[in-house]
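Residue numbers (the UniProt record's numbering), protein chains in the order written: chain F, 1 to 243; chain X, 1 to 273.
Glycine residues also receive a C-beta, built at the ideal position from the N, C-alpha and C atoms.
To start, the structure itself, in structure tokens.
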């Protein structure tokens with residue numbers, strides 16, 4: 001772990017403007033925390049506290065209305081909160097991953113091709129990419145007879161396994177996890193835990209929201225509670241921090 | 001109670017990490033047709049290898065803008081540059097008509113919603129593709145046929161039908177012939193004007209998959225116009241939203257769909273099935 005944080009979130013604020021209701025929705029205000037390489041932060045909070053919204057704001061599916069998200073990329077430091085769209089697109093291809101509970105698959109594309117795609121985009125040969133795709137599908141417990149089938153017909157759990165295999169096939173520097181264990185069976189949850197532990201050892205920094213945080217208990221370094229705005233580290237020594 | 005809805009999202013910075021210059025830069029494009037202001041001071045940048053989606057209702061100016069990109073029409077005001085070797089700083093609208101046509105044939109491919117605009121319906125499919133190669137100066141019959149075959153194959157057109165005339169083909173097949181013609185010369189820029197509108201959903205999925213594969217394997221830069229938000233969402237990296245000839249919003253595709261900033265975009269996204 002280096003002494004400089006990988007991510008410095010400072011005063012991050014998200015408000016949604018809803019024109020059709022002529023109203024504003026305040027998701028969170030003034031959130032600040034640091035994240036280091038190889039660190040795992042769990043976001044806690046009641047429904048609607050803004051956990052997923054915070055992840056999406058860092059990922060830039062949502063545009064923040066204030067604050068900064070300084071990120072130490074391989075190309076230099078950049079503020080994700082106001083970076084150009086093409087820079088965000090570049091970082092998403094190379095360094096930052098986002099795993100949701102939903103597979104966003106194009107119709108009529110086989111499971112193994114969906115999983116292999118990030119590798120193909122990174123310039124890996126087709127044969128090698130497919131080999132690795134099958135390896136990860138196998139790891140997450142997708143049966144070989146489904147590898148060439150279209151995931152749009154799969155059950156929610158099977159789709160999620162394909163989603164995870166795709167999302168975690170390339171090691172990123174920063175990984176944002178939005179309830180990735182929802183709808184997974186015990187075997188796939190264990191496979192996910194093994195993969196996350198491996199990535200964490202490799203120095204990947206992780207921020208996650210989990211419906212059952214017990215699934216990843218052994219990985220958690222710190223918790224941030226968006227309801228109470230309390231940061232706690234693994235020694236359970238809690239301190240009130242101005243978030 | 002009236003709330004202040006003027007809260008600005010953070011101003012986005014100029015690209016810093018992306019080392020590539022934009023392939024396409026348009027600035028200050030305005031065009032009138034009689035009393036109708038079809039385009040009002042439109043700026044656009046498209047970077048190498050990306051898919052830029054343009055959405056908006058009928059009459060918003062999106063197809064007019066695409067025709068400008070294809071140099072089929074020139075604006076009343078505005079500049080257009082493409083980073084092609086030796087032409088980096090040239091306003092393409094200043095070129096003579098013949099030069100524009102040659103540049104367009106050589107470096108820009110287009111697929112129209114209506115195949116009649118893009119194809120000679122009573123010539124063979126392979127002949128339609130070869131015509132593009134002839135314009136570029138290729139004369140050997142064997143080379144023409146090989147290259148046409150290769151482009152049709154890359155567009156996933158069944159090669160046993162390459163001598164069939166487009167008029168005898170289904171809509172999905174006609175789009176593949178247009179696509180083969182568009183990519184035959186390995187263009188820097190591929191323009192797609194509602195390429196799947198009117199196709200049934202299973203054919204649409206196959207055409208989109210072909211496009212996605214072409215983009216991945218050949219790194220072709222694409223501009224895709226569609227009023228189908230699902231198509232744009234599947235294909236585009238970034239999106240421009242047009243209304244009444246103006247760009248009202250642009251951003252990463254997922255951001256525009258999940259957190260639209262402009263009142264019109266919110267309406268558009270909420271209206272999606």
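- For the pair residue 76 (chain X) and residue 122 (chain X), the CB atoms are not nearer than the 7 Å cut-off.
- For residue 84 (chain F), the nearest beta carbon of chain X is closer than 7 Å to its own beta carbon.
- Using a Cβ-Cβ cut-off of 7 Å, residue 122 (chain F) does not count as an interface residue toward chain X, since no Cβ of chain X sits closer than that to its own.
- Interface criterion met: the Cβ of residue 263 (chain X) is under 7 Å from a Cβ in chain F.
- Taken in chain order, the complete alpha helix (DSSP H) segments of 4 or more residues contained in the region 161-215 of chain F are 186-201.
- DSSP places residue 47 (chain X) outside any alpha helix (DSSP H), giving it a letter other than H or E.
- Neighbours of residue 212 (chain X) in chain F, taken as residues whose beta carbon is under 7 Å from its own, are 106 in chain order.
- Rounded to whole angstroms, the separation of the alpha carbons of residue 12 (chain F) and residue 62 (chain F) is 12 Å.
- For the options X:161, X:189 and X:196, the alpha carbon positioned closest to that of residue 227 (chain X) is the one of X:196.
- For residue 185 (chain X), the closest C-alpha among the options X:201, X:243, X:129 and X:255 is that of X:129.
- Residue 69 (chain F) is positioned such that its CB atom lies closer than 7 Å to that of residue 80 (chain F).
- The C-beta separation of residue 178 (chain F) from residue 25 (chain F) comes to about 19 Å, leaving the pair out of contact by the 8 Å criterion.
- Residue pairing by DSSP places residue 79 (chain F) opposite F:70 in a beta bridge.
- Listed by position along chain F, the residues whose Cβ is nearer than 9 Å to that of residue 171 (chain X) form an empty set, because the closest Cβ is around 17 Å away.
- With its beta carbon at least 7 Å from every one in chain X, residue 180 (chain F) lies outside the interface.
- Residue 152 (chain F) sits in a helix when the DSSP states are folded into three classes.
- Beta-bridge annotation (DSSP): residue 132 (chain X) is not paired with any residue.
- Taking a beta-carbon distance threshold of 7 Å, residue 119 (chain F) does not count as an interface residue toward chain X.
- Of X:250, X:178, X:140 and X:142, the smallest CA-CA separation from residue 151 (chain X) is found for X:178.
- Annotation for residue 266 (chain X): 260 place their beta carbon closer than 6 Å to its own, counting only its chain and skipping 5 residues before and after.
- DSSP places residue 102 (chain F) in the coil class of the three-state scheme, outside both helix and strand.
- In this structure, the beta-carbon distance from residue 96 (chain X) to residue 64 (chain X) does not fall below 7 Å.
- By the Cβ-count criterion, residue 34 (chain X) is exposed, with fewer than 16 other Cβ atoms from all chains shown falling within 10 Å of its own Cβ.
- Residue nearest to residue 139 (chain F) within the set F:10, F:191, F:3 and F:174 is F:191 (criterion: CA-CA distance).
- With respect to the C-alpha of residue 244 (chain X), the residue from X:19, X:59 and X:14 having the closest C-alpha is X:59.
- Within 10 angstroms of the beta-carbon of residue 62 (chain X) lie 16 or more other beta-carbons, which makes it buried.
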